[in-house]
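All residue numbers for the sequence shown refer to the numbering used here, where the first residue is 982 and numbers rise by one.
Ideal Cβ positions, reconstructed from N, Cα and C, are used throughout, including at glycine.
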Amino acid sequence: MTRLGSRLRRDAAFEENARHHRALAGELRARLARIREGGPPEARRRHQERGRLLVRERI
982 MTRLGSRLRR DAAFEENARH HRALAGELRA RLARIREGGP PEARRRHQER
1032 GRLLVRERI
């Protein structure tokens, strides 16, 4: 089987762009994790003390 060569340019601009996008992906993962928590612990506690369901519990 013939091996396919890569035409990917691995120059400084490519490396900088890759670093930037890895940083953005990390930031997105962090934001999604925070969203999954359902808000700050203090706000969740107050909400539950009032006898209310959290959003994810209502769905």
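In the structure shown, the three-state DSSP call for residue 1005 is helix. Remark: C-beta atoms of residue 1035 and residue 1026 do not approach each other more closely than 8 Å. Taken through DSSP and simplified to helix, strand or coil, residue 1021 comes out as coil.
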